Amino acid sequence: MTNDVTQLHSKISSDAVISVANQENSMRAKFQGTVEGTNCSLHNVLYVPEVSKNLLSVPALTSTGAKVIFADDDVRVIKDDEVILEGQKTRNGLFEIKLGRDQAHLASENTNVIWHKKMAHLSEANLEKLSKMSTGMTWNKNQSIPSCEICLKAKATRVPFGKNRTKAQHHLQILHADVCGPFSEISWNGYRYFLSVLDDKTHYAAAFLLKSKSEVKDRLIDYITKIENKWERKVKTLRMDNGGEFVVEELKNFCNKKGIETDYSPPYTPQFNSYAERLNRTLLDKTRALLCDSGLKKEMWSEALLVATYLLNRSPTTALGDTTPAEMWFKRKPNLSRLQIFGSTAYAKNLKHLKKLDDRAKKFIFVGYATNAYRLWDEKKREIRGRWGKMTRW
4 MTNDVTQLHS
14 KISSDAVISV
24 ANQENSMRAK
34 FQGTVEGTNC
44 SLHNVLYVPE
54 VSKNLLSVPA
64 LTSTGAKVIF
74 ADDDVRVIKD
84 DEVILEGQKT
94 RNGLFEIKLG
104 RDQAHLASEN
114 TNVIWHKKMA
124 HLSEANLEKL
134 SKMSTGMTWN
144 KNQSIPSCEI
154 CLKAKATRVP
164 FGKNRTKAQH
174 HLQILHADVC
184 GPFSEISWNG
194 YRYFLSVLDD
204 KTHYAAAFLL
214 KSKSEVKDRL
224 IDYITKIENK
234 WERKVKTLRM
244 DNGGEFVVEE
254 LKNFCNKKGI
264 ETDYSPPYTP
274 QFNSYAERLN
284 RTLLDKTRAL
294 LCDSGLKKEM
304 WSEALLVATY
314 LLNRSPTTAL
324 GDTTPAEMWF
334 KRKPNLSRLQ
344 IFGSTAYAKN
354 LKHLKKLDDR
364 AKKFIFVGYA
374 TNAYRLWDEK
384 KREIRGRWGK
394 MTRW
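Number 129 in the working numbering belongs to position 126 of the sequence shown; there are no gaps in the numbering.
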């Protein structure tokens with residue numbers, strides 16, 4: 004058993020229930036997979052978030068034909084006359100085995116798989132394109148990405164783009180907006196919807212978390228004001244469906260004063276707002292993939308969605324050819340060197356005044372990006388902390 008989902012490869016879902024020593028409580032596994040060591044591979048390893056330490060079963064080892072030999076202060080696992088695992092006795096009397104391989108070593112084995120996970124399960128073809136359209140990314144043409152179960156589970160039906168509609172000639176000329184929700188699972192911080200906004204020319208997307216649809220008008224007004232000031236250019240057209248959250252007087256008055264044309268799609272014709280519809284489905288695909296691969300609870304969908312949006316803007320799209328939405332928007336190639344796998348374990352420097360023997364770092368779960376910082380989830384306190392990259396170790 005392991006409490007670190009990033010150690011698992013070839014994961015599949017698991018509903019195994021593990022009884023604890025007192026027989027009164029139990030723990031449930033979320034995934035089952037393989038852990039790679041230097042000299043061996045451990046199969047059928049269960050991911051159990053509640054377990055305090057990673058555990059290795061002696062009967063499971065001997066069932067494969069291996070021999071487990073305990074001495075006073077060490078242990079060896081032998082198979083086919085070769086030592087495949089070794090360990091030392093700790094102060095509490097347990098034997099600690101080192102597999103001899105960490106995430107950095109795994110990355111050097113198949114960097115393409117690591118980038119596949121970092122980019123929310125972007126396709127192999129698009130990853131190869133992205134390596135030429137960005138900085139800070141390494142791609143090995145001699146490595147391939149094996150069939151990915153997460154991709155199959157997360158994929159949804161695509162909505163075709165609308166045809167015969169005016170296309171923007173410059174950024175901010177046309178914005179597409181749509182609302183998705185309510186989600187059956189309320190996020191850990193109380194959100195039930197999200198608003199997505201897509202720039203027609205650059206395909207740059209923005210997503211805003213909402214607790215109710217009544218927030219839509221304020222979010223749109225704030226965002227339009229912000230990007231107009233940033234680019235010193237005016238939004239010309241705002242395309243939306245005719246949902247009640249968009250057909251409100253405050254938003255209409257704002258658009259009239261700004262000279263923004265409001266283009267509402269007819270009732271029951273989502274294909275007229277297909278850019279926004281497709282964006283939402285793509286974001287949901289990536290959100291599902293991130294949650295499934297990380298093993299985090301569904302309540303973390305809000306964090307996964309923001310990461311999905313961040314990564315989508317840095318991913319190739321057919322509409323733009325050899326560039327990304329982020330490059331079109333910011334006028335520079337995206338730097339991917341700071342990307343991490345969603346849900347991976349992070350150790351951040353403890354900023355509190357510490358005694359000499361106190362831990363210098365605290366364990367978190369990586370759940371997103373902020374300006375020059377990472378968003379880290381403190382599972383026990385149920386709160387997000389921001390930490391500068393220089394203060395975080397993986």
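Glycine included, C-beta positions come from ideal geometry on N, C-alpha and C.
Because the structure is a prediction, the values reported are computed rather than measured.
Contact between the region 222–229 and the region 197–209 is present: three or more C-beta pairs spanning the two stretches fall below 8 angstroms. In this chain, the beta strand (DSSP E) harbouring Tyr50 covers Ser44 to Tyr50. Secondary structure note for Thr348: its beta strand (DSSP E) is the uninterrupted segment Thr348 to Lys352.
A direct Cα-Cα distance of roughly 46 angstroms separates Val71 from Glu188. A contact is defined here as three or more CB-CB pairs under 8 angstroms, and the region 248–261 fails this definition with respect to the region 279–299. Apart from sequence neighbours up to five positions away, the residues of its chain that approach Lys121 with a beta-carbon distance below 6 angstroms are Leu342 and Ile344, ordered along the chain. Taking C-alpha positions only, Ala322 is separated from Val54 by approximately 46 angstroms.
For Lys261, the enclosing alpha helix (DSSP H) covers residues Glu252 to Lys261. Per DSSP, reduced to three states, the secondary structure at Ser187 is coil, with no helix or strand assignment. Fewer than three pairs of CB atoms, one per stretch, sit closer than 8 angstroms, so the region 149–160 makes no contact with the region 245–255. When only Cα atoms are considered, Asn115 and Ser137 end up about 15 angstroms apart.
With contacts defined by Cβ atoms closer than 8 angstroms, Ile177 and Thr240 form a contacting pair.
In this structure, the straight-line span from the alpha carbon of Lys365 to that of Lys101 is close to 22 angstroms. Taking Trp191 as reference, the option from Gln91, Tyr50 and Glu302 with the minimal CA-CA separation is Glu302. Under a 10 Å Cβ-count criterion, Arg242 is classified as buried, with 16 or more other Cβ atoms of the shown protein chains found around its own Cβ. Counted as a single uninterrupted DSSP element, the stretch harbouring Lys158 is not any alpha helix (DSSP H), since DSSP gives it neither H nor E. In the displayed model, Lys366 falls within a strand according to three-state DSSP. At least 8 angstroms separates the beta-carbon of Met4 from that of Val61. The three-state secondary structure of Arg385, taken from DSSP, is coil. Taking C-beta separations shorter than 7 angstroms and ignoring five residues to either side along the sequence, the partners of Thr65 in its chain run Val71, following chain order. Looking at the DSSP output, Leu314 sits in no beta bridge, so it has no partner there. For Ile148, there is no enclosing alpha helix (DSSP H), as DSSP marks it with neither H nor E. Look at the beta carbons and you see the region 91–99 not touching the region 123–139: under three pairs across the two are nearer than 8 angstroms. Collapsing the DSSP output to three states places Gln172 in coil.
If you ignore the 5 residues before and after His12, its C-beta comes within less than 7 angstroms of the C-beta of Gly36, Thr37 and Glu39, all in its own chain and listed in chain order.
Assigned with DSSP and collapsed to three states, Phe333 falls in helix. Here Thr265 has Leu241 and Cys258 as same chain residues with Cβ atoms under 6 angstroms from its own Cβ, once five neighbours each way along the sequence are excluded.
Within 10 angstroms of the beta-carbon of His173 lie fewer than 16 other beta-carbons, which makes it exposed.
Per the C-alpha coordinates, the member of Ile368, Ile263 and Asn143 positioned closest to Leu379 is Ile368. Setting aside the 5 residues that flank it on each side, Leu130 is surrounded in the same chain by Trp118, each with a C-beta closer than 6 angstroms to its C-beta; the list follows chain order. By the C-beta density criterion, Glu330 is buried, having at least 16 other C-beta atoms within 10 angstroms. Between Ala171 and Ala279, the C-beta gap is not smaller than 8 angstroms, which leaves the two residues out of contact. With respect to Asp244, Tyr267 sits close: the two C-beta atoms are nearer than 8 angstroms. Spanning the alpha carbons of Thr320 and Leu308 requires a straight line of approximately 19 angstroms. Relative to Ala74, the option among Tyr313, Lys135 and Gly96 whose CA is nearest is Gly96. Excluding five sequence positions before and after Leu59, the CB atoms of its chain that fall closer than 7 angstroms to its own CB belong to Ile100, given in chain order.
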